[in-house]
Structures are given as structure tokens and as C-alpha cells.
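Residue numbers (full-length UniProt numbering): 1 to 273.
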Amino acid sequence: TGKVIDRTKDTVRVHLDIDEAQQKEEAFWFPYATGYTAEGHSGWYCMPELGDRVELYVPGSREEEAVVLTSVRAREASSPKIENPAIKYWGTPHQKELMMEENELTLTAREGLFLKLHEADGVEIRSPHPIVFTSAKDIEMKAGSRLNMQAKEALYVLCSSSSLMMDGITDIQGQLVEMEGTVKGPPVGSAAEAAEEQEDEAAEKAELAQQVAGLLPGGAGAKGPSEGEAPAVPPGQAAAAAALAASVPLAGAAAKAKAAIKAIRAQKAGKQL
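Shown next as C-alpha cells:
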């Protein structure tokens, strides 16, 4: 056995353990045995790193026939990557790594930049830099139930003369834009808007009741109170006016008043509604 001190193409120089000293320039170039080769056209090319321990094999009596075999782990330091024999690793000193386990395959370029394929969780691509998909033909994205697209600042979809831009303001542009949909629930406003709407509705009802009460027999009369004065409406008639006003369909205060007043005038004239 020995330590790799130099390498080029498919050969290595080795400082053998039996030699006390070894000058790199004087060391012999030994061919490195690989798992598979097809004379440079295909196969497996993976040379050992400098400092790796390797085995030198001499198949016969001639030293020139010697070849360097696979690397031998020195076990100088513990590593979590050798704790589980079921997980396979293939990596470089530069954080490039292929990891294969029972349900997952991960291809890592460096920390935070990887492609993960998991049997249960699907595909995960993570990168601190832009991710670009380019095709000379089509790129298809299909989802069985839902397709989520999220962006922190903006989302742009561009095609020829059509575009969809969402950057705080949604802008849809095209030579022909068609929109189809079904009636959904009304938008939900704020609590302040809801309170203001209730106050306006109560004021409309009170105004309508006053106008109706003025037309009931014994009421304030159709003329109504003077400006700045509250109408003098007996309690019984006020209740009757409120009940009559409430029976009118919700069509706004003005429409309610007109409908109620018309009904009372018709009663006074002895008409049948």
C-alpha cells in the first residue's frame, strides 16, 4: 500500500509504505485500475485524490505490470457518511455529492444548492441563485389538483402580445381578453365598514318610520315637522309606522319611503291595494 502523491490522466504516482522517502519527480507512473473502461470512448473515470491511500498490485514477476487498485479508507477521522451501509455516497472534496438511500436520491452542488428526489415527498429543487428552464420546444407543467406559484415581489407571465403581471397591481393585457366565472360571495370588508353600514341602515329606517308616521291618522301630518324640530309621533303610531316600514323589501331608504307613503295615501283615499 502507499499514498498518492501525483496523478495525470489514468495514472498515478505512489509513495509506497516500504520506502522511507520518495521524490515525486522520481516516482514511477502506475496505471490506475477502474471499474469499467471502453478505451476512452465511455466507461467509468474516477481518479483518487492526492493523499488517498491505494493498493499496488503486481500480477506477476515483472514490476512494469503492476497496477494501482482502489483506494483504502485510512479511518483517521470518523465520518457520519460511513455509519449506515445502506446509504451510498459519491462525492468530491468540493462539496459535489451524489447520495442514494432507500427512498431518496440527492444531487448536491454545495450547501443550499441541491436536487432531491423522494419517493413520498416528490421532487425538491433548492438554490440561492436563479433557476432557469430553457427548451427549444415545449415546457409542460401539469398538476392533478393544484398548481401553486408564489413570489416575494412580482410574478410575470409573458407570451407574444399577451401578458399577466402581478407586482402589487394586477395587469392583464392582450388583443382579446375573455373572463368567465360564477357568482361568488360578496367581498368581506373591514369591521369599521360593517359598523358604518349598520349605522346608515338604522338611520334610513328611522327616517322612513318618521315619514310613514306623518301619514297615519292622528299623526304629524303629511306636512311633517318644522326644520330642526323632531316629529311629534305618538308611541302607538310610531310602532305601527316602524312595522309598516320594515315590511317593505330592502330597496334603499328612498324606495321604502315612497312605497309606504303611497300605500297610506291610498288607504286614506279609500282605495283597495
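Ideal placement from N, C-alpha and C gives every residue a C-beta, glycine not left out.
On a predicted model such as this, the values are computed, not experimentally measured, just so you know.
Can you name the start and end residues of the beta strand (DSSP E) that residue i belongs to?
| i | result |
| --- | --- |
| C159 | 155-159 |
| A109 | 104-110 |
| R13 | 11-16 |
| F133 | No beta strand (DSSP E) contains F133, which DSSP labels as neither H nor E. |
| D138 | Element bounds for D138: n/a, residue is neither H nor E. |
| R53 | 53-57 |
| I5 | 2-8 |
| I172 | 170-173 |
On the premise that residue j lies in contact with residue i, defined as a C-beta separation below 8 Å, what is that separation, rounded to the nearest angstrom?
| i | j | result |
| --- | --- | --- |
| G35 | H15 | 24 Å between Cβ atoms; not a contact. |
| V58 | F30 | Wrong, their Cβ atoms sit about 10 Å apart, outside the cutoff. |
| R126 | L113 | 7 Å |
| E111 | Q95 | 7 Å |
Once DSSP output is grouped into helix, strand and coil, what is the label at residue i?
| i | result |
| --- | --- |
| E64 | helix |
| P80 | helix |
| Q22 | coil |
| E180 | coil |
| E119 | coil |
| Q198 | helix |
| E101 | coil |
| E39 | coil |
| E124 | strand |
Quick one: Cα of residue i to Cα of residue j, how far?
| i | j | result |
| --- | --- | --- |
| K152 | D6 | 50 Å |
| P154 | R53 | Note that residue 154 is Ala in the sequence shown here, rather than Pro. Using only the alpha carbons, I get a separation of about 53 Å. |
| A66 | A38 | 20 Å |
| E199 | M165 | 39 Å |
| A202 | G144 | 50 Å |
| V68 | T92 | 20 Å |
| S163 | L98 | 40 Å |
| E180 | S79 | 60 Å |
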